[in-house]
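Chain order of the listed sequences is A and B.
Sequence positions in the first sequence follow full-length UniProt numbering and run 1 to 780.
Sequence positions in the second sequence follow full-length UniProt numbering and run 1 to 780.
Here a beta-carbon is modelled for each residue, glycine too, at the ideal position from N, C-alpha and C.
Computed from a prediction, not measured in an experiment: that's the story for all the values here.
There are 2 protein chains.
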Amino acid sequence: MQCGVLVDYCDVFISCLDSHSDGPNYAMSNGGGGAGASISTHLLDLLEEPIPGVGTYDDFHTIDWVREKCKDRERHRKVTHHLISECITISLLNELNAAFARALAGVIDIAADWLNDLKEGVCLSAMWFNHEQCCWDSNETTFAERDKCPQWKTWAELILGQAEGPGSYIMNYFMFTFWALSFAFLAVSLVKVFAPYACGSGIPEIKTILSGFIIRGYLGKWTLMIKTITLVLAVASGLSLGKEGPLVHVACCCGNIFSYLFPKYSKNEAKKREVLSAASAAGVSVAFGAPIGGVLFSLEEVSYYFPLKTLWRSFFAALVAAFVLRSINPFGNSRLVLFYVEYHTPWYLFELFPFILLGVFGGLWGAFFIRANIAWCRRRKSTRFGKYPVLEVITVAAITAIVAFPNPYTRQNTSELIKELFTDCGPLESSQLCQYRSQMNGSQAYPAGSDAAAAPGVYSAMWQLSLALVFKIIMTIFTFGLKVPSGLFIPSMAIGAIAGRIVGIAVEQLAYYHHDWFLFREWCEVGADCITPGLYAMVGAAACLGGVTRMTVSLVVIVFELTGGLEYIVPLMAAVMTSKWVGDAFGREGIYEAHIRLNGSPSLDAKEEFPHPTLAREVMRPRGNDPPLAVLTQDDMTLAELQSIISQTSCNGFPVIVSKESQRLVGFALRRDITIAIENARRKQEGIMLNSRVYFTQHAPTLPADSPRPLKLRSILDMSPFTVTDHTPMEIVVDIFRKLGLRQCLVTHNGRLLGIITKKDILRHMAQMANQDPESIMFN
Amino acid sequence: MQCGVLVDYCDVFISCLDSHSDGPNYAMSNGGGGAGASISTHLLDLLEEPIPGVGTYDDFHTIDWVREKCKDRERHRKVTHHLISECITISLLNELNAAFARALAGVIDIAADWLNDLKEGVCLSAMWFNHEQCCWDSNETTFAERDKCPQWKTWAELILGQAEGPGSYIMNYFMFTFWALSFAFLAVSLVKVFAPYACGSGIPEIKTILSGFIIRGYLGKWTLMIKTITLVLAVASGLSLGKEGPLVHVACCCGNIFSYLFPKYSKNEAKKREVLSAASAAGVSVAFGAPIGGVLFSLEEVSYYFPLKTLWRSFFAALVAAFVLRSINPFGNSRLVLFYVEYHTPWYLFELFPFILLGVFGGLWGAFFIRANIAWCRRRKSTRFGKYPVLEVITVAAITAIVAFPNPYTRQNTSELIKELFTDCGPLESSQLCQYRSQMNGSQAYPAGSDAAAAPGVYSAMWQLSLALVFKIIMTIFTFGLKVPSGLFIPSMAIGAIAGRIVGIAVEQLAYYHHDWFLFREWCEVGADCITPGLYAMVGAAACLGGVTRMTVSLVVIVFELTGGLEYIVPLMAAVMTSKWVGDAFGREGIYEAHIRLNGSPSLDAKEEFPHPTLAREVMRPRGNDPPLAVLTQDDMTLAELQSIISQTSCNGFPVIVSKESQRLVGFALRRDITIAIENARRKQEGIMLNSRVYFTQHAPTLPADSPRPLKLRSILDMSPFTVTDHTPMEIVVDIFRKLGLRQCLVTHNGRLLGIITKKDILRHMAQMANQDPESIMFN
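So this is what it looks like as structure tokens:
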């Protein structure tokens with residue numbers, strides 16, 4: 001009695017299992033079934049061929065990561081020399097993808113610039129030139145006058161023939177609004193008619209897809225085409241939106257389309273998602289010129305399942321994107337960075353205080369924005385209002401254009417605004433923001449850039465900036481979620497940059513007028529350049545973006561790649577962490593997670609904790625008064641019984657048990673696979689009738705002589721279903737689902753099958769525990 | 001027949017399970033056992049108290065991540081307002097840790113500098129000044145002469161009274177060697193006597209610990225103290241080693257020691273590892289001044305289990321470390337960066353070719369180094385040679401000192417060498433490497449720093465550098481693995497920097513003499529500064545470090561944080577990727593993984609794939625002719641039987657089954673827990689005898705009236721053991737073990753227990769599949 005008993009390997013139901021069948025061709029539950037000696041070899045041969053369609057997924061279903069990964073490894077084993085060919089495939093795929101995405105982004109940039117300038121005027125010498133290109137070889141070499149050249153005509157000059165005066169102002173105002181409305185109308189119409197999936201930023205949906213959900217057509221060629229075109233129009237229409245989020249979607253579309261060139265990636269949903277992860281990294285890399293930031297964004301924000309292999313694959317994609325970017329040199333300074341800044345002063349310890357204040361502002365703004373935007377989107381979804389998307393877009397565009405025109409800071413391109421706010425005041429800077437008294441007098445007593453008393457220009461700029469801040473805050477809430485492509489990065493950064501610049505100028509003036517305060521005394525001498533308002537703008541932008549998206553590391557990396565400000569990493573980190581903490585105090589979800597939940601997509605967020613002490617048996621079905629679980633037995637059902645079970649239930653899969661009496665689990669068969677296999681057998685095998693016996697065992701059960709030919713379904717049986725015991729805490733179950741990417745899990749008690757837990761059950765349970773409506777989880 | 005049968009929830013063995021006991025206090029298998037009405041309330045009460053010692057681990061055992069995480073969540077639920085207090089705890093812990101690690105690193109820096117200079121001479125005005133501090137306020141203001149000041153005396157001047165001549169050279173040579181040997185002897189003796197764990201870089205062991213292995217004392221206070229002291233000595237002895245890897249170990253020691261201030265972290269092995277992950281990030285942050293790189297290093301290289309929570313916790317630790325670093329300002333330039341470089345020229349497309357060449361060199365060096373070093377370490381381990389560590393260290397130190405002294409590039413501090421190699425030649429640069437002809441003639445025809453013909457100084461520097469390269473390559477192989485603290489970052493970077501500088505100067509001279517070649521014609525005019533040899537050194541350093549460690553993203557980030565060279569990200573990425581590919585072609589393991597395998601630690605590397613088509617039943621025990629699996633039955637064993645099973649087997653745990661006949665699995669009990677529980681019961685409960693019945697069920701089985709008091713062990717039973725079916729492919733099992741951090745997993749077939757797979761079984765199987773000796777896996 002001192003030792004346990006050796007379990008009999010040969011169970012009664014698999015007693016004829018040939019031990020030679022353990023070879024490679026037997027490894028996969030979905031693969032072949034082994035070559036054991038059998039009485040019905042013919043039947044076996046027919047069925048061992050892979051049945052077409054088995055192992056694919058329906059739209060709006062969740063993939064089974066484990067199964068997909070197994071399929072890939074199985075394929076690997078069959079292919080020799082896979083290492084080199086795979087390297088080449090991946091390289092090629094990534095290169096194609098990154099290069100194409102980069103090229104598209106370049107086209108979008110140029111087209112959006114042109115259309116944006118079209119709102120103000122037109123280049124007479126060459127229609128296809130934007131304002132800057134038009135005045136490129138103008139004679140006006142003065143820096144302040146660089147925008148005015150004879151070739152460039154505003155609409156008022158063109159139509160009314162006069163450049164100044166109230167009439168021409170109204171004409172320009174009218175044309176500005178007219179073009180904005182036209183672009184917006186065109187954008188929303190194209191989206192509505194051709195590709196409804198092209199709207200929004202796309203990042204929430206990509207997160208859902210990467211977490212293993214199937215949305216057919218979301219990354220298709222139509223979406224790509226329409227999104228590219230409408231993105232240009234939406235940006236040009238002047239709506240408070242950015243092009244960075246949609247560019248990630250565009251890059252993922254490219255990745256998806258290119259993956260069809262390689263069956264390895266197109267046929268395996270898990271492998272495809274690895275490509276998409278890399279593509280999203282390339283997207284950010286392309287959008288911002290931030291390769292490392294892109295990789296981290298993909299890791300921290302987008303990807304659900306991120307093996308280390310994907311890390312360096314993303315890295316490679318980002319490398320190629322950065323390289324192509326450098327070859328194209330779009331920013332004209334042979335640098336990779338979009339908003340390159342060069343500050344001449346270090347920061348001081350005291351400045352951490354305003355930086356943290358900006359972090360608090362960012363966190364509050366993020367929390368407020370998420371709540372307001374989600375409330376508005378929910379209202380749009382639930383009321384009649386959402387039925388007129390075109391009208392809504394046009395209304396928002398009209399309000400935006402009308403309010404934006406009078407204020408120079410809202411009229412201009414948002415990314416140019418950010419660039420201006422980030423820039424430190426130098427001697428060449430002609431902007432209103434840099435009108436300091438010492439420079440106005442022309443008396444260069446202090447070196448350029450040093451702190452000085454603000455002139456009226458700065459005060460009026462402050463007013464205009466404050467109005468712009470309020471305007472951007474309100475409009476962004478109503479814009480994000482419209483049925484046009486709309487990103488959130490640039491508007492959020494603009495809001496933060498405005499707030500930051502205002503705080504920066506305030507601190508600067510404080511230091512100028514009170515440089516004998518104990519706070520400033522030690523480090524800020526008269527005439528020295530102690531405060532850099534541009535740095536405050538940068539920190540504010542990072543804080544606001546952090547508040548909205550709740551990114552931390554990737555955001556800091558993106559910002560310092562954007563600006564080249566490696567020395568300001570501590571201020572950035574402090575602001576971003578503060579912003580995250582403040583934001584999290586009001587709600588732990590970032591805007592993307594909030595939108596995923598609003599859409600009801602089944603995404604198990606890796607960041608959210610599951611803090612409840614429930615057990616698996618409280619979550620599994622059947623519960624309490626539910627009808628019993630639909631199960632199949634391994635060898636004593638007829639085809640008619642099987643079909644009636646399938647038709648009378650809506651489950652996606654059925655556990656297969658040894659017998660009703662013992663309830664011991666054998667495996668799991670998916671509904672889709674069973675249906676396909678039955679149809680396939682009916683078409684290909686003769687003698688399959690309604691009273692044919694269906695069996696999942698290795699060999700056919702002994703049948704009476706007159707019974708019709710049995711149907712073997714072992715090849716579609718998953719013989720390694722995941723099981724947990726009924727006492728398993730739900731936190732462990734949630735962990736397993738997240739980490740392994742499961743679709744369902746069976747619950748046993750003392751070796752007997754009790755029930756089943758699907759991803760949907762878990763999401764419903766989580767919603768219930770959080771006092772939300774469990775019916776908001778819509779898909780399977 | 002159309003639907004499955006609802007499984008009877010009330011199994012015969014748990015028929016009295018009270019349904020009210022589903023509340024929170026019942027959630028944990030290790031927690032309490034519920035409050036169902038019982039006949040033996042007294043007994044229950046006694047046993048429901050947590051038994052001291054249950055749930056802890058022995059030395060050199062693997063932790064069970066799932067159980068640890070559950071314990072923490074259980075604790076969470078009991079503590080109210082945990083969010084704020086936890087935030088404060090974490091912040092405090094991280095701050096303490098990062099600040100302390102930073103302070104220690106500062107002390108190490110200063111002490112190592114002083115000792116290093118002591119080898120050459122001594123400061124007469126103040127003994128505790130190093131060379132630089134000694135000459136700080138010297139009158140010699142010439143840049144070239146800054147090293148020579150009257151206060152600083154070389155040993156020859158002090159002892160022989162003369163500064164020049166062969167006699168003084170020999171005297172200096174002798175003293176240099178003498179001090180080097182003394183330091184090395186002291187270091188190895190201290191390590192040997194006080195803390196054997198203080199040797200090596202510590203990163204392989206930390207990786208093992210983070211993957212869930214217990215090595216008591218490895219992160220203790222003695223290790224910390226001795227490692228700090230001996231690190232200073234080892235660096236000062238001039239051995240070819242760096243202090244960056246050991247600093248990560250030191251930071252982890254700090255993290256471990258500070259975690260004892262908070263029971264939450266000290267009592268939970270999984271939580272402690274989260275702190276250690278953050279500590280390792282702080283360590284790199286402190287060592288290099290690279291906060292983001294530290295976080296990524298922790299993610300890519302060190303951590304096994306890295307939840308996103310840890311990401312921003314590491315980020316916070318790195319932030320604090322960076323902040324403290326900035327407050328201390330050790331590099332004297334108010335920058336965070338160690339090797340700050342400023343290059344004035346962009347790179348050109350053609351230069352990618354030499355950069356990739358450097359990548360190839362780095363990969364080859366990495367592969368060669370790993371093989372050679374592992375072969376040498378294995379030899380040390382297996383032969384008598386390893387029994388004299390002190391002798392070995394002294395021999396290596398003597399050879400190093402004797403060979404290093406004559407060559408200025410090997411005599412100087414390695415990190416100063418790297419700094420010199422990274423620096424671009426400016427007009428102020430007096431080093432031999434910058435002796436170009438145009439500058440020598442004093443005719444500043446071209447702007448400083450522009451390409452020029454090399455003068456003899458450069459050629460002799462090239463020779464010396466080549467010799468230094470060979471010397472460093474050979475010595476590093478024999479140094480890494482000595483019984484002194486030794487890091488690999490700095491020597492690897494030095495080798496790469498030397499190779500890079502040589503290639504850079506070669507390309508520069510090529511461009512100078514052949515600027516009409518088609519390769520150079522377009523972008524390199526005469527007199528222009530086209531090639532920056534310092535950039536080549538930086539790229540080479542990154543490539544070599546990448547070849548040795550196989551880091552990618554984190555390495556690039558570390559290097560550009562080290563140098564501030566954000567614009568050179570594409571060259572860096574290209575070189576690092578090439579180096580990784582070339583290195584991987586010779587063997588996929590980095591140096592740390594290779595050392596882990598050499599040590600036989602049970603670490604399932606997340607990067608390695610498991611490509612074999614085996615099934616779970618081929619790996620599980622018992623196999624073939626093995627004795628049957630030792631199992632416990634849930635209610636029909638006596639204490640004597642239980643004890644005899646425990647004493648006759650060496651398994652770490654035993655599955656509990658319903659009965660020998662049904663073989664249905666109930667749960668899993670750990671050997672250690674059973675032993676502790678029995679001892680505890682014997683001490684506290686009366687009437688426990690050898691023929692007492694042991695039961696794992698909720699209620700005591702009905703016993704004859706005269707039988708002794710039964711012993712209830714349900715509280716130590718893990719009622720949610722992980723199970724897989726015997727048909728599960730091993731690749732899935734490996735994946736589950738990796739992702740969930742399991743210690744063991746039970747194998748079932750059709751609901752019956754077949755066997756068990758432990759982490760050790762998997763590692764043995766993997767070794768077998770790779771044709772290695774399975775017995776090299778030593779621990780459990």
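Worksheet item: Where does V341/A sit, in a helix, a strand or coil, going by DSSP?
Response: Within the first sequence, numbered from 1, the residue matching residue 341/A stands at position 341. Residue state, collapsed to three classes: coil.
Worksheet item: Between the beta-carbon of A281/A and the beta-carbon of S240/A, is there less than 8 Å?
Response: If you number the first sequence from 1, residue 281/A lands on position 281. If you number the first sequence from 1, residue 240/A lands on position 240. It is not a contact, given that the beta carbons lie outside the stated cut-off.
Worksheet entry | Cutoff 8 Å: T552/B Cβ touching any chain A Cβ | As a working mapping, residue 552/B is identified with position 552 in the second sequence. It does; some Cβ of chain A falls within 8 Å.
Worksheet item: Given 8 Å as the limit, is there contact between the region 393-410 of chain A and the region 177-185 of chain A, that is, 3 or more CB pairs closer than that?
Response: yes
Discussion item. My output table needs one value for L319/B: the three-state DSSP class, helix, strand or coil.
Written reply: The residue given as residue 319/B occupies position 319 in the second sequence. Of the three classes helix, strand and coil, the one that applies to L319/B here is helix, per DSSP.
Worksheet item: For R671/B, which residues from the same chain have a beta carbon less than 8 Å from its beta carbon, with the 5 sequence-adjacent residues on both sides left out?
Response: Counting from one through the second sequence, the residue named residue 671/B turns up at place 671. Contacts found: I646, C651, N652, G653 and F654.
Discussion item. Between the alpha carbons of F288/B and K192/A, how many angstroms are there, rounded?
Written reply: Along the second sequence, one-based indexing puts residue 288/B at 288. Along the first sequence, one-based indexing puts residue 192/A at 192. Spanning the two alpha carbons is a distance of roughly 53 Å.
Worksheet entry | Per DSSP, cross-strand counterpart(s) of R752/A | Numbered from its first residue, the first sequence carries residue 752/A at position 752. R664/A and H749/A.
Worksheet entry | Identity of the residue in F262/A, K739/A and G751/A nearest T723/B by Cα | Indexing the second sequence from 1 puts residue 723/B at position 723. Ranking F262/A, K739/A and G751/A by Cα distance to T723/B puts G751/A first.
Worksheet item: So L482/B and V393/B are in contact, right, with Cβ under 8 Å, and what is the actual spacing, rounded?
Response: For the purposes of this step, residue 482/B is identified with residue 482 of the second sequence, where counting begins at 1. For the purposes of this step, residue 393/B is identified with residue 393 of the second sequence, where counting begins at 1. Yes, they are in contact, since the Cβ atoms of L482/B and V393/B sit about 5 Å apart, within 8 Å.
Practice prompt. Taking Y695/B as part of the alpha helix (DSSP H), name the residues at either end of that continuous run.
Written response: For the purposes of this step, residue 695/B is taken as the residue at position 695 of the second sequence. From DSSP, Y695/B is part of no alpha helix (DSSP H) but of the beta strand (DSSP E) over R693 to Y695.
Fill in: N-terminal and C-terminal residue of the alpha helix (DSSP H) that G457/B is part of
By 1-based counting over the second sequence, the position of residue 457/B is 457. Where G457/B is concerned, the enclosing alpha helix (DSSP H) stretches over P456 to T479.
Worksheet item: How would you list, in chain order, the residues of chain A whose beta-carbon sits under 8 Å from the beta-carbon of L319/B?
Response: Counting from 1 along the second sequence, the entry for residue 319/B is found at position 319. Ordered by position in chain A, the residues that pass the 8 Å Cβ test against L319/B are V570, M573, A574 and M577.
Worksheet item: Mind listing which residues of the region 713-724 of chain A have their C-beta closer than 7 Å to chain B's C-betas, in chain order?
Response: M719, S720, T723 and V724
Worksheet item: Nearest chain B C-beta to F422/A closer than 8 Å, yes or no?
Response: Looking up residue 422/A in the first sequence gives position 422. Not an interface residue.
Discussion item. When you compare the CB of K739/B with every CB in chain A, is at least one pair closer than 8 Å?
Written reply: By one-based count along the second sequence, residue 739/B stands at place 739. Yes - at least one Cβ of chain A is within 8 Å of the one on K739/B.
Worksheet item: Count the other CB atoms within 10 Å of the CB of T490/B; is the residue buried (16 or more) or exposed (fewer)?
Response: Mapped onto the second sequence, residue 490/B falls at position 490. According to the sequence displayed, residue 490/B carries Ile and not Thr. Flag for I490/B reads buried.
Fill in: Contact with chain B by R693/A, beta-carbon distance below 8 Å
Along the first sequence, one-based indexing puts residue 693/A at 693. For R693/A, the answer is no, since every Cβ of chain B falls outside 8 Å of its Cβ.
Discussion item. Under 8 Å, Cβ to Cβ, is there at least one residue of chain B near I762/A?
Written reply: The residue given as residue 762/A occupies position 762 in the first sequence. No, no contact with chain B.
Worksheet item: Under the DSSP definition of a beta bridge, which residues are partnered with C123/A?
Response: The count along the first sequence starts at 1 and reaches residue 123/A at position 123. BP columns for C123/A point to W152/A.
Worksheet item: So, does the CB of T208/B fall closer than 8 Å to a CB anywhere in chain A?
Response: As a first step, residue 208/B must be located in the second sequence, where it is residue number 208. So no, T208/B is outside the interface.
Fill in: CA nearest to the CA of K271/A, picked from D64/A, D761/A, I762/A and A103/A
Working through the first sequence from its first residue, we reach residue 271/A at position 271. Of the listed residues, the one whose Cα sits closest to K271/A is D64/A.
Practice prompt. For M577/B, count neighbouring Cβ atoms within 10 angstroms of its own Cβ and tell me buried if that reaches 16, exposed if not.
Written response: For the purposes of this step, residue 577/B is identified with residue 577 of the second sequence, where counting begins at 1. Under this definition M577/B is a buried residue.
Worksheet item: Under a CB-based cut-off of 8 Å, is V556/B close to chain A?
Response: Looking up residue 556/B in the second sequence gives position 556. It does: the Cβ of V556/B has a partner Cβ on chain A nearer than 8 Å.
Worksheet item: Applying a beta-carbon distance threshold of less than 8 Å, which residues of chain A neighbour V66/B?
Response: The residue labelled residue 66/B in the question sits at position 66 within the second sequence. Simply I732 and D735.
Worksheet item: For D718/A, which of helix, strand or coil comes out of DSSP?
Response: Locating residue 718/A in the first sequence gives position 718, where the first residue counts as 1. Here D718/A sits in strand by DSSP.
Discussion item. Between the alpha carbons of I762/A and K684/B, how many angstroms are there, rounded?
Written reply: As a first step, residue 762/A is located in the first sequence; it is residue number 762 there, counting from the start. As a first step, residue 684/B is located in the second sequence; it is residue number 684 there, counting from the start. C-alpha separation (whole angstroms): 43 Å.
Worksheet entry | Interface flag, N750/A vs chain B, CB-CB below 8 Å | In the first sequence, residue 750/A corresponds to position 750, counting from 1. Yes, N750/A counts as interfacial toward chain B.
Worksheet item: So with Cβ pairs under 8 Å, would you call P710/A a contact of chain B?
Response: Walking along the first sequence from the start, residue 710/A turns up at place 710. Cβ-Cβ to chain B under 8 Å: no for P710/A.
Worksheet entry | Minimum C-alpha distance to K264/A - residue among D72/A, N691/A and E589/A | Walking along the first sequence from the start, residue 264/A turns up at place 264. Closest by alpha carbon: D72/A.
Worksheet item: If you follow the alpha helix (DSSP H) that P166/B is part of, which residue opens it and which one closes it?
Response: Along the second sequence, read from residue 1 onward, the residue named residue 166/B stands at position 166. Per DSSP, P166/B belongs to the alpha helix (DSSP H) from P166 to F194.
Item to complete: Look at the Cβ atom of I757/A, then the Cβ atom of V619/A, and state whether they are nearer than 8 Å.
Response: Counting from one through the first sequence, the residue named residue 757/A turns up at place 757. Counting from one through the first sequence, the residue named residue 619/A turns up at place 619. Result yes, Cβ atoms of I757/A and V619/A sit closer than 8 Å.
Discussion item. I want to verify the contact list: residues of chain A whose CB lies under 9 Å from the CB of L665/B, in sequence order.
Written reply: Residue 665/B sits at position 665 when you count from the first residue of the second sequence. Within 9 Å Cβ-Cβ: T725, T748, N750 and G751.
Discussion item. Beta carbons nearer than 9 Å to chain A: which residues of the region 242-259 of chain B have them?
Written reply: none
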